[in-house]
Structure formats: structure tokens, C-alpha cells
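Visitor: Take this structure, written in C-alpha cells, and hold onto it; I'll ask about it next.
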Amino acid sequence: MRLSHPVPPPLDPEILGAAARDLARTGGITFLVGEDAVTYAVDGPTIRVDDGRSSGDTVVRLSRPAWDDMVGQVRTIINLLLSDDLAFERGGFEQLADWDPVLRYLHAGIPPYDPARIDLRGRDPFAAFTPDAQDAELAAQLDTMGYLHVKGVFTGDEMDAANREVDRLAAAARPGDDRSWWVTGEDGGHVLCRLVYATLRSPVLAALEGDPRVRRLGTLLDPALRAAPDRMEGSAVLLKVPGNTSGLSNIPWHQDCGMGGHAIMCPAVSVGIQLTGSDPSTGNLRVLPGSHGQAVHHRWEQRPEGVPVVSIDTAPGDVTVHVQDLMHASPRPTGAGGRRTMYVTHYPPAVWEHVGPGEAYNDLVRNRTEQVARLR
Ligand SMILES: [Fe+2]
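Numbering (the numbering used here), first residue to last: 1 to 376.
Structure (C-alpha cells):
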């Protein structure tokens, strides 16, 4: 019997050719689902898909729901691995990871990230805007780059008030409270690195979340998007911990749908209110211009050549905006650390159909951040 599979979109032979060259050494991969099987293999300048059991160099067994989630872009291979929903009869995760961007192209038409194909339409990836810019101009920059930097959206007083609230929530947070993320600091102690569902416990932060300036930037690409205070970890405040931490304070290159949910949440838009401002010494945001809407190899950072990376410095009251599947990172602070950013993510309506209150794709990682960090 044929494995259920979405109807593939029209595929570009050049993209398949590049994938075939990349995968020549990895060899073919077979998925076993119950009694069914499908094999993907390099065939000269393209990728061939065969039904039935065959001799892939890598053989992966998974349940039918796991298979459906993988091809439907609901759960990623990292998600399936962390949930112990993958078993390797031959080969291992590295080979599956090599195939992953190509499988996402074959299953959902999401092209593998290739810097040579990025078109920045003559725009400046380092540009910063002010709030008096036209919506159309801001939207064009965000749509092209996958991110946007707007200066001076909030006043210093507004950010001071927000920081006092963050201090209050941070003082009340405890490891394991399911409302915060923690890392192990240099001295071996637990250090708070993220408050989640923050606006549910703070009217001041809730007012920021619902502020028309935030809503404007969160809906530049789609007026149907809206904030989700009670699910998907709600609005979260990042607190960058200095030094050599273990866990997920310093987040390596990732897409926010990296744990799954692409089909449901993308292209969500995150509005990052810069409570403290940021630069490399405090652990600022780094982005890959034009990388949104594409499938990126999970070890991308080991493969780059000539890839433009933009490091965004901000002042308190600035706002950064990013499309959730933009490749971005929050590296280790080179100095004192301490960047605070409140992220108000605006999601498409499908999120309310598929994700209940208190549920999030990050539930899988919140209490095992060290395990996830080791994976990277
Ligand atoms: Fe992120």
C-alpha cells in the first residue's frame, strides 16, 4: 500500500539537482510505517521516490501518526527524535538530517535554504526605520528580509516600567514552575533565562502586548494575525545570562518552528520589544537576511560559505520584528549579558484551532533545555 503523502507542489529541477549533488554521499533513505514503506534516492541529477520496501542506506521506522505529522509539517525531525518517535534500523539521525530539507521540499514545497537564491530586491539588510515610516515600506522590508528594526517605538519611561514588572516576575519565578526557563550558570546554580506567559501575571506587560504600536508591527504582513497570551508560551521575556551557561539561554541558529508546528503557526510574526537595548556584549539578535520560508539544514552553522549574517544592535524602546521561520540566533553575550526582550508573537487563526490554552510546541523543550542544547 502506498504511504499517504501530500500531493507534491510543482518542483524546480534546479533545486532537485542541487539536492541530488548534496545527497550523493549520504545515499538513499527508506521510511517504514507499519507494513508500508517509501524510499527516496538520488537518481542522477534528481531525486526518485519509490513505494515499497527497498534498500535505503538509512532506514527509519516511525508510527503512522508520526509519519503524518512529519510530512504534514506539524512535527519536525528534532521533535520526533526528542519524543523517541524515530527508530533507526540502519544509519542514524545525521543521515535523516541531511535529507530533511529535501523532504520538506518534496512534501510541502518549502525550498531548501540556498544563499545563492536569496533576492534582497535592492534593499539594505542593515536598514533601521522609525515609527513614522509608511506601513507599506515597513511591510516590504519585513517581507524581503524576514525581519525589521524600528527605532524609538517606546519611551525610556515605558521601558523602565516594563523592567520593574520583569524584576517582580523574575523574583517570583522558580525552576519547574512551568512559567519560566532556566539554565545552569557558571557557578552551577540555576539562573532564570526566560519568563513565559508573562502578560497573564502582569497588567503592565499585558498593556504593552495589546498596544496599538505592537499590533501595527505584528500585522504588517497579515491583518489576521494576533497575539496569543494564553498558549504557545504567550508573550515571553528573554533575559540573557552572561558567561558559560548550559541550557537554552544562548540559542543557536534556529527557526521558531524548529520544534514543529510550521503548517499551523507559520508565517507568524514576532514583535521583540527591546526593554534594555542590545549589542553583542549583552547577547543581541543575529539574523540571516531572506532565509524565511525555507528549510534549513539543522547543522546549518557548520556549512555556511559567504552567507551574510546581520547582528542587530538596539536601544531601549526599539522594536525588532521577525517572521518565525527566519533563521536567527541569540548568541552568548561577549560581555556582561543582560539583554531583556519581550516577544509578542502574532499567530494565524489556525493556532486557535490546533493549540489549546497552556499548550505549546516548546512544551517539549521547556524542562529539558540542557538535553536540547546538547543536541546542537
Ligand atoms: Fe527564536
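For every residue, glycine included, the Cβ atom is placed at its ideal position computed from N, Cα and C.
Just the C-alpha distance for D84 and Q255, rounded to the nearest angstrom, thanks.
Guide: Cα to Cα, the separation comes out at about 21 Å.
Visitor: Evaluate S55 with the Cβ neighbour count: other Cβ atoms within 10 Å of its Cβ, from every protein chain shown; 16 or more gives buried, anything less gives exposed.
Guide: By the neighbour-count rule (16 or more Cβ atoms within 10 Å), S55 is not buried but exposed.
Visitor: Return the residue from the list V321, F129, Y343 and A350 that minimises the CA-CA distance to R287.
Guide: According to the sequence provided, residue 287 is Val. The question's Arg does not apply to it. Per the Cα distances, V321.
Visitor: Quick one: using the 10 Å Cβ neighbour count with 16 as the cut-off for buried, is P10 buried or exposed?
Guide: Classification of P10: exposed, given that the 10 Å Cβ count is below 16.
Visitor: Could you compute how far the alpha carbon of F31 sits from the alpha carbon of V60?
Guide: Cα-Cα distance, rounded: 5 Å.
Visitor: Which runs of the beta strand (DSSP E) spanning at least 3 residues fall entirely within the segment 278 to 307, listed in chain order?
Guide: Listed in chain order, the complete beta strand (DSSP E) runs (minimum 3 residues) inside the segment 278 to 307 are 285 to 287.
Visitor: Which whole runs of the beta strand (DSSP E) in the segment 158 to 188 are 3 residues long or more, in chain order?
Guide: Runs found: 180 to 184.
Visitor: Would you grab the beta carbon distance between G335 and G156 for me? Rounded to a whole angstrom, and I think it's under 8 Å.
Guide: Wrong, their Cβ atoms sit about 22 Å apart, outside the cutoff.
Visitor: What are the partner residues of H149, as DSSP defines its beta bridges?
Guide: Paired residue(s): T320.
Visitor: Select from P289, Y347, V319 and G293 the residue whose C-alpha is nearest the C-alpha of D222.
Guide: Among P289, Y347, V319 and G293, the Cα nearest to that of D222 belongs to Y347.
Visitor: Inspect the CB distances between the segment 290 to 299 and the segment 133 to 151 and report whether three or more fall short of 8 Å.
Guide: Touching, yes, given that three or more Cβ pairs across the two stretches are closer than 8 Å.
Visitor: Relative to the C-alpha of I273, which residue among C257, T282, T341 and P308 is closest?
Guide: Ranking C257, T282, T341 and P308 by Cα distance to I273 puts T341 first.
Visitor: Using the DSSP secondary-structure output, state which residues sit across from A237 in a beta bridge.
Guide: Looking at the sequence provided, one finds Val at residue 237 rather than Ala. Paired residues: L195 and M342.
Visitor: Under the assumption that K240 contacts P333 (Cβ atoms under 8 Å), give the Cβ distance between them as a whole number of angstroms.
Guide: With a Cβ gap of about 6 Å, K240 and P333 count as contacting.
Visitor: Within 10 angstroms of its Cβ, does T130 collect 16 or more other Cβ (buried), or is it exposed?
Guide: Its Cβ having fewer than 16 others within 10 Å, T130 is exposed.
Visitor: Pick from A140, H107, G109 and Y113: whose alpha carbon is nearest that of A122?
Guide: Per the sequence shown, the amino acid found at residue 122 is Gly instead of Ala. Cα-wise, what sits closest to G122 is A140.
Visitor: What is the DSSP secondary structure of F126, reduced to helix, strand or coil?
Guide: Three-state DSSP puts F126 in coil, outside helix and strand.
Visitor: Do the segment 222 to 233 and the segment 356 to 363 touch if we need at least three Cβ pairs shorter than 8 Å?
Guide: Counting Cβ pairs under 8 Å, three or more are found: they touch.
Visitor: Give the range of the alpha helix (DSSP H) segment to which L81 is assigned.
Guide: Unbroken alpha helix (DSSP H) run through L81: I77 to L82.
Visitor: What is the DSSP secondary structure of G34, reduced to helix, strand or coil?
Guide: Three-state DSSP puts G34 in coil, outside helix and strand.
Visitor: Ordered along the chain, which non-local residues of its own chain (more than five positions away) have a Cβ less than 8 Å from that of N163?
Guide: Correct list, in chain order: L275, T276 and R340.
Visitor: Between the alpha carbons of E388 and G261, how many angstroms are there, rounded?
Guide: In the structure as shown, the chain begins at 1 and stops at 376. Residue 388 is therefore absent and cannot be evaluated.
Visitor: Would you kindly report the start and end of the unbroken alpha helix (DSSP H) that includes R25?
Guide: No alpha helix (DSSP H) holds R25; DSSP gives it neither H nor E.
Visitor: Do you know how far the Cα of A236 is from the Cα of A206?
Guide: Using only the alpha carbons, I get a separation of about 11 Å.
Visitor: Could you check if D405 is buried or exposed, using at least 16 other CB atoms within 10 Å of its CB as the buried criterion?
Guide: Nothing can be reported for residue 405: it is not among the residues displayed for the chain, which extend from 1 to 376.
Visitor: Only counting the same chain, and skipping five residues up and downstream in sequence, which positions put a Cβ closer than 6 Å to that of R75?
Guide: The answer, listed in chain order, is D69 and G260.
Visitor: Do V296 and M327 count as a contact pair if the criterion is CB distance below 8 Å?
Guide: In this structure, V296 lies closer than 8 Å to M327 by Cβ.
Visitor: Tell me whether G258 is buried or exposed, calling it buried when 16 or more other Cβ atoms sit within 10 Å of its Cβ.
Guide: Burial call: buried.
Visitor: Would a C-beta distance cut-off of 8 Å place T378 and L106 closer than the cut-off?
Guide: Nothing can be reported for residue 378, as the shown portion of the chain is limited to 1 through 376.
Visitor: Between P203, S180 and A198, which has its C-alpha nearest L192's C-alpha?
Guide: Measuring from the Cα of L192, the nearest candidate turns out to be S180.
Visitor: With the cut-off set at 8 Å, would you say I251 and A329 are in Cβ contact?
Guide: For I251 and A329, yes; Cβs fall inside 8 Å.
Visitor: What are the boundary residues of the beta strand (DSSP E) that includes I312?
Guide: Where I312 is concerned, the enclosing beta strand (DSSP E) stretches over V310 to I312.
Visitor: Tell whether a beta-carbon distance below 8 Å holds between V271 and L217.
Guide: Yes; because the gap between Cβ atoms is below 8 Å, this pair is in contact.
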